[in-house]
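Number of protein chains: 2
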Amino acid sequence: MTTVGLAGRNPEAAWEACRTGAWDSPTAGICEEYVQANLVVLPWAEAFDFLRFCGRNPKPCPLIEVTDPGDPEPRLTAAGADLRTDLPRYRVYRGGELAEERQDVRDLWREDSVAFLIGCSFSFEHALLSAGVPLRHIEEGTNVPMYRTNVACTPAGEFSGPLVVSMRPIPAELVPLATTVTARVPQVHGAPVHIGAPEALGIGDLEDPDYGEPLEVREGELPVFWACGVTPQAVAVEAAPEVMITHSPGHMFVTRMTHEELLTR
Amino acid sequence: MTTVGLAGRNPEAAWEACRTGAWDSPTAGICEEYVQANLVVLPWAEAFDFLRFCGRNPKPCPLIEVTDPGDPEPRLTAAGADLRTDLPRYRVYRGGELAEERQDVRDLWREDSVAFLIGCSFSFEHALLSAGVPLRHIEEGTNVPMYRTNVACTPAGEFSGPLVVSMRPIPAELVPLATTVTARVPQVHGAPVHIGAPEALGIGDLEDPDYGEPLEVREGELPVFWACGVTPQAVAVEAAPEVMITHSPGHMFVTRMTHEELLTR
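So the sequence lines, in the order shown, correspond to chains L and R. One gets the working numbering by counting positions in the first sequence from 1 and adding 520 to each. One gets the working numbering by counting positions in the second sequence from 1 and adding 520 to each.
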């Protein structure tokens with residue numbers, strides 16, 4: 521099955537293709553109408569502090585759903601799905617180290633496993649594009665550049681670490697619009713955390729991002745920084761829980777919720 | 521000490537007056553500049569589901585802070601305070617039944633106690649009054665009327681129950697303004713859940729509220745309904761946890777956070 525095979529399809533088609541192994545690729549460009557989510561699965565004992573961490577840092581950690589302990593079905597936003605099989609690819613961390621990558625985590629699921637579905641940038645960029653703000657990394661088909669900053673997240677229990685931001689070059693005359701549009705959607709990152717001066721965030725070289733690929737900032741443009749959904753996963757890895765399951769980068773979970781539903785809820 | 525004694529004072533003065541027993545009265549009208557919060561204290565085992573419940577129902581359950589297990593100090597929004605002594609009056613529920621009312625809960629505090637500070641209507645009404653929306657219950661010095669509705673909250677674990685709403689009569693021409701102003705502050709209840717037709721919420725008689733006191737809706741006014749912070753406490757009582765500590769009605773906790781800080785965060 522190619523990307524084309526899931527473009528414009530509904531979430532059930534994506535879940536089934538992942539479950540049967542027919543789909544083992546990144547999820548950008550599939551089921552475009554629906555919200556995709558980052559996945560973090562933790563044992564119940566660690567889930568409470570991680571949930572508090574997300575609540576204390578809502579800009580980088582926009583929670584879409586937190587499942588009932590032991591239940592692999594996200595009943596609120598993806599009824600009928602099984603989080604143990606319905607993503608194309610998973611990563612398993614043990615003690616904070618990447619232990620393996622696989623397509624099915626049924627045998628790792630515990631009675632006390634709690635899944636966190638965390639908003640990803642697709643919904644956020646949907647709002648910007650709808651407002652007429654151009655996004656260069658999408659035009660060029662690259663990953664957005666992301667940077668670890670000198671801004672500390674508010675810790676909760678074992679979970680602490682720096683805020684990670686994504687950068688998008690925005691024409692100066694559109695910066696107010698980009699700010700206003702994203703301020704209206706606190707459910708996915710909200711307003712920028714910084715505009716224009718990367719050094720104030722401790723970013724030494726824009727051309728050397730910590731994640732993703734560099735992106736040119738042209739004359740007449742400002743670099744605009746938003747809190748990034750990579751933050752909670754990076755923080756969870758650093759807390760080194762005994763076992764943690766996540767999606768593989770780019771291989772996200774497709775929910776039943778449309779972008780419009782998320783942006784207006 | 522009279523109300524006048526704490527009007528315009530800072531939070532430390534209120535904490536000390538509560539701790540020493542000098543203040544044993546409702547907190548309306550004291551430390552006016554600062555955000556007051558509803559209190560719910562649960563053992564860690566129940567706290568995770570209650571936190572998920574609040575996250576799933578953000579309009580009635582605006583979380584201001586969730587403390588570290590066992591720590592009676594709300595370090596983020598009221599550093600230096602002690603939640604075991606610094607409220608004027610507490611209620612203790614056992615198995616969902618009101619067991620006692622007291623001024624100090626030090627001997628009930630456990631190593632796994634988790635405190636939830638939940639936004640109260642004062643901050644919310646501050647935003648409305650600042651925008652020029654008149655509030656009759658404040659003019660008349662009564663409690664706002666509150667109603668249990670036929671709208672179910674999204675449950676989480678043992679926690680479930682109906683949405684409780686507060687009603688404020690608003691002149692029809694100011695309803696758009698009241699809606700816009702409160703939509704901008706999702707951190708305290710957000711936009712109205714309903715405008716104009718109480719029967720759609722299952723409210724039979726506006727003059728017979730479930731909590732608070734009735735309030736006249738005059739000609740040219742509409743009844744406007746907002747999600748109410750009484751909801752999470754009512755839901756927690758119905759879940760009948762082994763032990764739960766709350767503030768006594770009207771006897772709230774004063775944080776260090778100003779209304780402006782809350783409304784702009």
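In this text, a Cβ means the ideal position worked out from N, Cα and C, and glycines have one as well.
- Neighbour flag for L526/R against chain L, beta carbons, 7 angstroms: no
- At a Cβ cut of 8 angstroms, what residues of the segment 538 to 572 of chain R count as close to chain L, listed as they run along the chain? W564, A567, F568, L571 and R572
- Task: Please state whether DSSP places M521/R in a helix, a strand or coil.
- Result: Residue placement at M521/R cannot be trusted, given a pLDDT of 49 that sits under 50; what the coordinates show is reported in the next sentence. DSSP places M521/R in coil when its eight states are reduced to three.
- Interface partners of A706/R on chain L, CB under 9 angstroms: Per the sequence shown, residue 706/R should be read as Pro rather than Ala. Those are P706 and Q707, listed as they occur along chain L.
- Task: Please confirm if V586/L has its CB atom under 7 angstroms from at least one CB of chain R.
- Result: yes
- Item | Same chain, Cβ closer than 6 angstroms to G732/R, five either side skipped, listed in chain order | Counting only Cβ-Cβ distances below 6 angstroms, and skipping sequence neighbours, we find N663, V664, P665 and M666.
- Query: So which of T784/L, P594/L, P729/L and A692/L has the shortest CA-CA distance to E739/L?
  - Reply: A692/L
- Item | Distance, M777/L Cα to T669/R Cα | Going from the Cα of T669/R to the Cα of M777/L covers about 26 angstroms.
- Task: Kindly give me the distance between the Cβ atoms of R609/R and D544/R, rounded to whole angstroms, as I take these residues to be in contact under 8 angstroms.
- Result: 6 angstroms
- Message: Please state whether the Cβ-Cβ distance between E645/L and L655/L is less than 7 angstroms.
- Response: Yes, they are a contact pair.
- Message: Let's test the definition: count the other Cβ atoms within 10 Å of the Cβ of G639/R and tell me whether it reaches 16, buried, or not, exposed.
- Response: buried
- Query: Listing by chain order, which chain L residues have their CB less than 9 angstroms from the CB of G677/R?
  - Reply: D588 and P589
- Query: Which one or two residues does DSSP pair with I638/L in a beta bridge?
  - Reply: Per DSSP, N558/L and L583/L.
- Query: Which term fits A676/R, buried or exposed, when burial requires 16 or more other beta carbons within 10 angstroms of its beta carbon?
  - Reply: buried
- Message: I'd like the list of long-range same chain contacts for A720/R, defined as Cβ closer than 7 angstroms, with 5 residues on each side in sequence excluded.
- Response: Leaving aside the five residues that flank A720/R on each side, the residues in its chain whose CB is nearer than 7 angstroms to its CB run, in chain order, H714.
- Please classify P696/R: does DSSP put it in a helix, a strand, or coil? helix
- So who's on the other strand from V705/R, going by DSSP bridges? Beta-bridge pairing links V705/R to no other residue.
- Could you tell me which of T702/R, T674/R, P589/R and A703/R sits nearest to V755/R, measuring between CA atoms? T674/R
- In chain order, what residues of the same chain have a beta carbon less than 8 angstroms from the beta carbon of V653/R, not counting five sequence neighbours either side? I690, L694, L697, A698 and V701
- Task: Would you decide whether R626/L is buried or exposed? Buried here means 16 or more other CB atoms lie within 10 Å of its CB.
- Result: Exposed.
- Task: Please go through the segment 563 to 629 of chain L and give each complete alpha helix (DSSP H) segment of 4 or more residues, from N-terminal end onward.
- Result: If we require 4 residues or more, the alpha helix (DSSP H) runs fully inside the segment 563 to 629 of chain L come out as 564 to 576.
- Using the C-alpha atoms, what's the distance from I765/L back to G722/R? 44 angstroms
- Item | Listed by chain order, chain R residues near L583/L by CB distance under 7 angstroms | G575
- Message: Measuring CB atoms only, is the segment 618 to 635 of chain L touching the segment 573 to 592 of chain L, in the sense that at least three cross pairs come out at less than 8 angstroms?
- Response: yes
- Item | Interface residues of chain R facing L505/L [CB-CB closer than 8 angstroms] | Since the first and last residues shown for chain L are 521 and 785, residue 505/L lies out of range.
- Delimiting residues of the beta strand (DSSP E) encompassing P682/L: Counting along the chain, the beta strand (DSSP E) containing P682/L begins and ends at P682 to P691.
- Report the residue from L782/L, P769/L, V763/L and H779/L whose alpha carbon sits nearest the alpha carbon of E617/L. V763/L
- Inter-residue spacing [alpha-carbon to alpha-carbon] between E781/L and I658/R: 36 angstroms
- Compute the Euclidean distance between the alpha carbons of A601/R and F573/L, then round it to the nearest angstrom. Near 21 angstroms, if we compare the C-alpha coordinates of F573/L and A601/R.
- Message: For P743/L, report the span of its beta strand (DSSP E) as first-last.
- Response: From DSSP, the beta strand (DSSP E) with P743/L extends over E741 to A747.
- Query: When you compare each of R704/R, E660/R, G615/R and V671/R to A651/R by their alpha carbons, which one comes out closest?
  - Reply: Of the candidates R704/R, E660/R, G615/R and V671/R, the one whose C-alpha sits nearest the C-alpha of A651/R is R704/R.
- Task: Take L607/L as the anchor and find which of A619/L, P582/L, V561/L and V684/L has the nearest alpha-carbon.
- Result: Selected option, being the one with the closest Cα: V561/L.
- Please confirm if M521/L has its CB atom under 7 angstroms from at least one CB of chain R. The pLDDT assigned to M521/L is 49, lower than 50, so where the model puts this residue is not dependable, and the model offers no usable value.
- Message: As a quick exercise: from I584/L, L742/L, A527/L and G575/L, pick the residue whose alpha carbon is nearest that of F679/L.
- Response: G575/L
- Query: Rounded to a whole number of angstroms, what is the C-alpha to C-alpha distance between D491/L and V750/L?
  - Reply: Look at the range of chain L in this structure, 521 to 785, and you will see that residue 491/L is not part of it.
- Task: Determine the burial state of A760/L: buried for a count of at least 16 other Cβ atoms within 10 Å of its Cβ, exposed for fewer.
- Result: exposed
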